[in-house]
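Presented below is the structure to which this report refers.
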Amino acid sequence: MKLLVISLEFEAGTFSGNGVHALSSLGHAVMVISGAPPGTAGQAERTEGLIHLIQVPLSKWGTLDSSCAHAEFAQAFEAAWLAERVRAFGPDAVLGVDWHAAAPFRALSAALAAPRPLVYLNYRLHSRTDAACLETERAVFQAAALSVLLCRADAEHAAGLCAAGRREVLLPPLRDDLAALSAADCQAGLSPRPYLVCAVRCSAEKEPARFVALVEAMVSRGGLPDGVVPLVCGAGWAASPLGEGLVRRLKAAAPSTVVHAAFMGPEDMAGIYRATRLNVHPCRHDAYGMTVVEAASFGAPSLVQKGGTVGATDLLQEEDQVVGVDYDAVSDHELADFVIDLLGDTERLERVGAAAQRMALSYSALDNGRRLAALVSSVVGAEDES
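FYI, the numbering for the sequence shown is 1 to 386, going by the numbering used here.
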């Protein structure tokens, strides 16, 4: 098949990157049209094997909510040269990543003599936290021949937004680079593993304050267990008012806390996961929570919200491969007592970490690509028969 991917961010987006490279490795030709950071020279184009990438420089970068440069991105698709590139490529289907792809898809459909079906790849339901995205998100679910979501909880929520349309769940894969690092040298044992980790972006929807309150409550209970060091990593921990305030609280409670706020590559993250005793995923809802699976691939168990509202638990089963807790049902001090006991239960942590590692490594980017290709093929076949 020939597939056109529309994504506001491409190289910065793990999920879209994995899907494209897996599809290419399976023999499908892929054209990607994506945004690019300010300062990118011209209309940057390059070809790597079966992947042709066209990047459109945007004036704003680094956010995907309603404040992003979505209108500027959409306007680029009205250019005759871009429509001609797409016509010459001749895609069998269009894969649109998140709500930002709706207007570009409409613009291209108007320019193409024979518009192709839209497969909507919804990596995050932005309207959960950003009401300005609601109508666009609802409309793109309506327009899509198929919508692909990351977890069952999101598929159920999407059905509430738009009853029409076909929806499928496709779990995102572990990044190939992390899978290779894990397979090469990682063991699931927990010694030495000093870190109590929170590896989420420091933004309100990720609820990082829950981790900070947990550390504060553990200290108030008599201190952190011997050898345990809090560690936070992810965007926003240093360059935002929320992050700066939370880091001050962490350092006040536990001066040994390690803070990684700069970008970290796969080798850097692998080093953290190898030394993780317990990864705390603090939010009550997450479309997936890939860091839970990444930690698991290095034998590190995670504490997560129970009940299926964190998508990663569609892959890693609660109790056997993660430790589930209902954050709404416990106070900060009750959660602290639970985590202190858990950190002392080496046998349980090793058992959960080993089981999680086996499962995380059992599902590859190629597995994901095969399933995505089959889903897209079913749409293309139905279109050709109509």
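We put the CB at the ideal spot given by N, CA and C, even for glycine.
Helix, strand or coil at residue i according to DSSP, with G and I counted as helix
i	result
Gly369	helix
Asp286	strand
Ser378	helix
Glu216	helix
Thr276	strand
Leu149	strand
Glu11	coil
Arg128	helix
Asp226	coil
Val20	helix
Ser109	helix
Ala114	coil
Met269	helix
His157	helix
Phe298	coil
Same chain only: Cβ atoms within 7 Å of residue i, ignoring 5 sequence neighbours per side
i	result
Glu168	Leu146, Val148 and Leu375
Trp99	His126, Cys133, Thr136, Glu137 and Val140
Asp226	none
Ser109	Pro115
Sub-8 Å separation of residue i and residue j beta-carbons
i	j	result
Leu4	Phe89	yes
Glu11	Gly35	no
Asp154	Ala287	yes
Gln321	Val352	yes
Ala354	Met218	no
Ala74	Pro104	yes
Leu303	Val280	yes
Leu150	Gly311	yes
Ala270	Leu178	yes
Ala239	Leu26	no
Leu246	Val215	no
Gly308	Arg210	no
Cys283	Val232	no
Gly194	Val228	Here the sequence assigns Pro to residue 194, which means Gly is not the residue at that position. Yes, they are a contact pair.
Residue interval of the beta strand (DSSP E) (run including residue i)
i	result
Ser302	Ser302 to Gln305
Lys2	Lys2 to Ser7
Thr136	Per DSSP, Thr136 belongs to no beta strand (DSSP E); it is in the alpha helix (DSSP H), Leu134 to Ala143.
Val197	Tyr195 to Cys198
Element boundaries [alpha helix (DSSP H), containing residue i]
i	result
Thr309	Counting along the chain, Thr309 falls outside any alpha helix (DSSP H), and DSSP gives it neither H nor E.
Val94	Element bounds for Val94: not the alpha helix (DSSP H) but the beta strand (DSSP E), Ala93 to Val97.
Tyr120	Tyr120 -> not in any alpha helix (DSSP H); beta strand (DSSP E) instead, spanning Leu118 to Asn122.
Beta-carbon proximity list for residue i, same chain, < 6 Å, skipping 5 on both sides
i	result
Gly243	Cys202, Gly236 and Trp237
Met1	His28 and Asp92
Phe298	Ser182, Cys186, Tyr273 and Arg274
Lys60	Ala69
Ala80	none
Leu121	Leu95, Val97 and Val148
His260	Cys233
Neighbourhood of residue i by C-beta distance below 8 Å, restricted to the same chain and skipping five residues each side
i	result
Gly13	Confidence at Gly13 is low in this model, with a pLDDT of 49, below 50, so the placement of that residue is unreliable and no value is reported for it.
Gly344	Pro225
Ile340	Met218, Arg221 and Pro225
Ala204	Thr129 and Leu242
CB contact check: residue i to chain D, cutoff 8 Å
i	result
Met290	The chain inventory of the structure shown lacks chain D, comprising one protein chain alone.
(request) Would you mind listing the beta strand (DSSP E) stretches within the segment 229-262 that are 3+ residues and don't spill past its ends, in chain order? (result) Complete beta strand (DSSP E) runs here, min 3: 229-233 and 258-260.
(request) List in chain order: all unbroken beta strand (DSSP E) runs of 3+ residues lying wholly within the segment 22-103. (result) Runs of the beta strand (DSSP E) spanning 3 or more residues and lying entirely within the segment 22-103 occur at 29-36, 44-48, 51-57 and 93-97, in chain order.
(request) Can you check the segment 313-368 for any beta strand (DSSP E) of at least 3 residues that lies completely inside it and give the ranges in chain order? (result) Listed in chain order, they are 323-325.
(request) Run through the segment 160-186 for me and flag every whole alpha helix (DSSP H) of 4 or more residues, listed as ranges in chain order. (result) Annotation: the segment 160-186 contains the following complete segments of the alpha helix (DSSP H) (minimum length 4 residues), in chain order: 176-185.
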